[in-house]
Amino acid sequence: MLDIAVAYHRYQFIGDEFLTWLWYIIENDSQLLSRIDKELASLEIGSRMVLANRYQKDSGETVTIKGEEANMDEGLLALKKGAMVAELNLLYRSGDHEWRFNLKGESLNFSSLKVPETGKIETQEDIEGAVIEKVFLCEKIIGLINGLFKHFIKLRVSNDWSAKIVPAIRKWIAPS
Amino acid sequence: MGLLSPTVSITQYRVEGQLPSPVNEHVAAALKKNAIDEIDNEAIEQAVGWTSFDDPYQPDFEGSRFVIDTVWVFSLRIDKKSIPTKVLKKHYNMEVSQRLAESGRDYLSKMEKKQLKDHVLTVLNTRIPATPNIYDILWNYEEGTLWFFSNLKSANEALETLFTRSFKLSLVRMFPYTAGLAAGLSGPDKDCLDQLKPTLFMG
Numbered sequence: 217m218l219d220i221a222v223a224y225h226r227y228q229f230i231g232d233e234f235l236t237w238l239w240y241i242i243e244n245d246s247q248l249l250s251r252i253d254k255e256l257a258s259l260e261i262g263s264r265m266v267l268a269n270r271y272q273k274d275s276g277e278t279v280t281i282k283g284e285e286a287n288m289d290e291g292l293l294a295l296k297k298g299a300m301v302a303e304l305n306l307l308y309r310s311g312d313h314e315w316r317f318n319l320k321g322e323s324l325n326f327s328s329l330k331v332p333e334t335g336k337i338e339t340q341e342d343i344e345g346a347v348i349e350k351v352f353l354c355e356k357i358i359g360l361i362n363g364l365f366k367h368f369i370k371l372r373v374s375n376d377w378s379a380k381i382v383p384a385i386r387k388w389i390a391p392s
Numbered sequence: 056m057g058l059l060s061p062t063v064s065i066t067q068y069r070v071e072g073q074l075p076s077p078v079n080e081h082v083a084a085a086l087k088k089n090a091i092d093e094i095d096n097e098a099i100e101q102a103v104g105w106t107s108f109d110d111p112y113q114p115d116f117e118g119s120r121f122v123i124d125t126v127w128v129f130s131l132r133i134d135k136k137s138i139p140t141k142v143l144k145k146h147y148n149m150e151v152s153q154r155l156a157e158s159g160r161d162y163l164s165k166m167e168k169k170q171l172k173d174h175v176l177t178v179l180n181t182r183i184p185a186t187p188n189i190y191d192i193l194w195n196y197e198e199g200t201l202w203f204f205s206n207l208k209s210a211n212e213a214l215e216t217l218f219t220r221s222f223k224l225s226l227v228r229m230f231p232y233t234a235g236l237a238a239g240l241s242g243p244d245k246d247c248l249d250q251l252k253p254t255l256f257m258g
């Protein structure tokens, strides 16, 4: 295996491609999301998206889109210019509950993960139950993203990636 | 942001290797051996060690207190003393003036200046308390997974160093390449992963 630090930087683009693909899937293939998470009610783009153009000649441009009612046309425009999604805020719903979190492409790190409210901790004995509940709620998101990433990476190393997926994503970015 | 905070940050790891049996006792001993040392009133600038999740200021790993359900929950504590630059400068200048007055000279050698600075740092470090930073850890030994509740680079690096030293196991951070390798790809597909180049969707 490659040196970890070298691998982190060399394959950073895989994370950006994953988030770009994920946005495409959210917009175009909700059935795939439901197949990966049977309890999913919805997965939506949340209040923030960062797009970066890192892999082309005139690279370096970064676009940040913020706000609950953000207009994603600007994001599609950035994709048209060759950018990829570098960070994404996502909103997941299951049953009557919702989760919000940020996902970073290059590291696959989760940040600002807010899960449905758990019971109050009033005594030392409550801690164990609270941990079990919190772990269960975090696992919903981590399991979903890990499941989606597994699906993506299998697709990414297959012939279907360039034969089917990339043309479909191009068509979504710039419909003729 | 700890495990029970309203919002959390999580870095995922894979733990590779096996612990000697009985594993709970082995982990308890390793945690105890590498528990955080109090450095208040000491000349030490920083300490890194394990502590209890439910009582981070009094590490206690007796009686499998770190076992919750099927996972191990404990914390990494990094205590650090930060001496403000202006405070350091003030005390250093006072020492220099005193040394010059005592020696009757009007200059100090480079070596003398360094010794004085080290002395001032030692004195100040014994006088100021360390600031503790606590990062929670959830380790599922059966699944070979570990969640570290921080994305901070320095904290992740401290975790990786202390974990390997304490448990003699390999801790692999999950990012796109390592997560790809852990995704159950076949041998040829792993080779293909190594050869990947960025996709140009547009542009």
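If you're matching them up, the sequences are chains A and B in order.
Numbers given in this note's numbering equal positions in the first sequence, counted from 1, plus 216.
Numbers given in this note's numbering equal positions in the second sequence, counted from 1, plus 55.
Ideal Cβ positions, reconstructed from N, Cα and C, are used throughout, including at glycine.
Nothing here was measured: the structure is a model prediction, and the numbers come from that model.
Buried or exposed for residue i, going by 16 or more other Cβ atoms inside 10 Å?
i, result
"B:Pro6", "Nothing about residue 6 of chain B can be reported from this structure: the residues present for chain B run from 56 to 258 only."
"B:Lys136", "buried"
"B:Val70", "buried"
"B:Asp161", "exposed"
"A:Ser392", "exposed"
"B:Thr233", "buried"
"A:Leu218", "exposed"
"B:Gln272", "Summary: the structure shown does not reach residue 272 of chain B, with chain B confined to residues 56 through 258, and so no result is reported for it."
"B:Tyr112", "exposed"
"A:Asn287", "exposed"
"A:Met265", "buried"
DSSP on residue i, reduced to helix/strand/coil?
i, result
"B:Gly235", "helix"
"B:Glu80", "helix"
"B:Ala98", "coil"
"B:Val70", "strand"
"A:Ile385", "helix"
"B:Ile120", "According to the sequence as given, residue 120 of chain B is Arg; it is not Ile. Residue state, collapsed to three classes: coil."
"B:Phe218", "helix"
"A:Ile337", "coil"
"B:Thr254", "coil"
"B:Ser209", "helix"
If residue i and residue j are in contact, beta carbons under 8 Å, what's the gap, nearest whole angstrom?
i, j, result
"B:Ala213", "B:Ile91", "That pair is no contact at about 11 Å."
"A:Ala390", "B:Met257", "7 Å"
"A:Tyr396", "A:Ile385", "Residue 396 of chain A is absent from the structure shown; chain A starts at 217 and stops at 392."
"A:Ser263", "A:Gly283", "6 Å"
"A:Pro332", "A:Leu360", "The pair is not a contact, with the Cβ atoms about 15 Å apart (cut-off 8 Å)."
"A:Leu249", "A:Ser310", "With a Cβ gap of about 11 Å, A:Leu249 and A:Ser310 do not count as contacting."
"B:Leu143", "B:Val175", "7 Å"
"B:Thr181", "B:Asn96", "6 Å"
Note the first and the last residue of the continuous beta strand (DSSP E) segment covering residue i.
i, result
"B:Met166", "Element bounds for B:Met166: not the beta strand (DSSP E) but the alpha helix (DSSP H), Lys165 to Arg182."
"B:Tyr190", "Thr186 to Asn195"
"A:Thr278", "Thr278 to Lys282"
"A:Glu322", "First-last for A:Glu322: undefined, no H or E at that position."
"A:Ile262", "In the sequence as presented, Ile is not what sits at residue 262 of chain A; that position holds Gly. Where A:Gly262 is concerned, the enclosing beta strand (DSSP E) stretches over Ser258 to Ala268."
Please report the residue range of the alpha helix (DSSP H) in which residue i lies.
i, result
"B:Met149", "Thr140 to Ser158"
"A:Val351", "Asp342 to Arg372"
"A:Leu306", "A:Leu306 -> not in any alpha helix (DSSP H); beta strand (DSSP E) instead, spanning Met300 to Ser310."
"A:Val222", "Ile220 to Arg226"
"B:Asp134", "Run containing B:Asp134: none in the alpha helix (DSSP H); it sits in the beta strand (DSSP E), Val126 to Lys135."
"A:Ser250", "Ser246 to Ile252"
For the stretch 293 to 304 of chain A and the stretch 334 to 347 of chain A, state whether three or more C-beta atom pairs, one from each stretch, are separated by less than 8 Å.
-> no
Can you find at least 3 beta carbon pairs, one from the stretch 148 to 156 of chain B and one from the stretch 102 to 119 of chain B, that sit closer than 8 Å?
-> no
Using 8 Å as the Cβ pair cut-off and three pairs as the minimum, do the stretch 164 to 171 of chain B and the stretch 116 to 133 of chain B touch?
-> no
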